[in-house]
Amino acid sequence: MTVVSCNVINADGHSRGLVLMYCGSTVIHKISMPDPVTCITFGRFGQEENALIMITTNGKVDIKLLKRTATFDLCVRPTLTAHVQGNLSIPKRSNVFIEQTLREREHCKEMHVRTQQTWQLLQIVVSNERLNSIKQKVTSQFLHTSAQLLGLGPRFKIRFFLKNLGKEPLMGINVAFLYNAQYHSIESPRCRVPIIVPGTEIYCETFVTCCTYGGSDDRAIDIIVSRGTNVMYRAKVNMPVYNIQTSHLSEESNDIMS
């Protein structure tokens, strides 16, 4: 049996380890590792006689123990294709197939270079997206938010607070209020914050008017905090139920009494 350690590069550009066990030229077992493997040894570990010990590039030790009742059958098992009876129906070669084969044979180097360039561009795009997501996560950790709902209805005021907990100023912050126009109306659904100084808390506010009844999901107003095209924070404000008909009747009764 031959044990081979390989490094596999994922689509996002990160490498992982893969241990292959061969019997002759046939792979009989695979072990996937989260990190590339730098050292492999097989022998006794403690009270276990058969142990496979692997050390990765990050210094982690991974130990695989073999069952004492395990039996090895290293013979090559016949594949399903060996039991196929009859001739396979091979389609005829068309002119398009022949022309494509000749073109690939003549321009094999150019096609290989183009494929590798496309693959590298894909890795760059994936790495940039992952870097942007990490930056977005780090930035959102330094931003503290809270919301207040003021008023008795049907007109309310939403006051949204933002505080910079980091050491660098945050610039270009946008606050958007998403709502269902069937149940609410908002005077200023969007607010732009030019800069938030570290350690300073600022707020933006807007007025909300209830138009009609609605369920709990319909009454909710979403608050989106974004920076450029990246969403940093998302909150939801559940609007209270306001009895519009009762309020109108109470106002009419007050007019009659007066």
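Each residue of the sequence shown is one higher than the one before, counting from 1 in full-length UniProt numbering.
A virtual CB, placed ideally from N, CA and C, is assigned to each residue, including glycine.
ask   = According to DSSP, is Val241 helix, strand or coil?
value = coil
query = Does DSSP put Cys211 in a helix, in a strand, or in coil?
reply = coil
inquiry  = For Phe160 and Thr209, I'd like the C-alpha separation in whole angstroms.
reply    = 17 Å
query = Who pairs with Val3 in a beta bridge, going by DSSP?
reply = Met21
request  = Compute the Euclidean distance between the alpha carbons of Met232 and Ser226, then round it to the nearest angstrom.
outcome  = 5 Å
ask   = Does DSSP put Asn50 in a helix, a strand or coil?
value = strand
inquiry  = I'd like to know whether the C-beta atoms of Thr56 and Met21 end up nearer to each other than 9 Å.
reply    = no
query = Thinking C-alpha only, which one of His144, Cys204 and Asn180 is nearest Arg219?
reply = Asn180
query = According to DSSP, what are the bridge partners of Leu150?
reply = Lys157
query = Do Val19 and Met54 have their C-beta atoms closer together than 9 Å?
reply = yes
query = Where does Val96 land, buried or exposed, given buried means 16+ other C-beta within 10 angstroms?
reply = exposed
query = Where does the unbroken beta strand (DSSP E) through Ile195 begin, and where does it stop?
reply = Arg190 to Ile196
Host beta strand (DSSP E) of Phe177 (start-end) = Leu170 to Leu178
request  = Give every residue of the same chain whose Cβ lies closer than 7 Å to the Cβ of His144, excluding the five residues on either side of it in the sequence, and list them in chain order.
outcome  = Lys163 and Leu165
query = Cα separation between Glu49 and Ile9?
reply = 34 Å
request  = Evaluate Met171 with the Cβ neighbour count: other Cβ atoms within 10 Å of its Cβ, from every protein chain shown; 16 or more gives buried, anything less gives exposed.
outcome  = exposed
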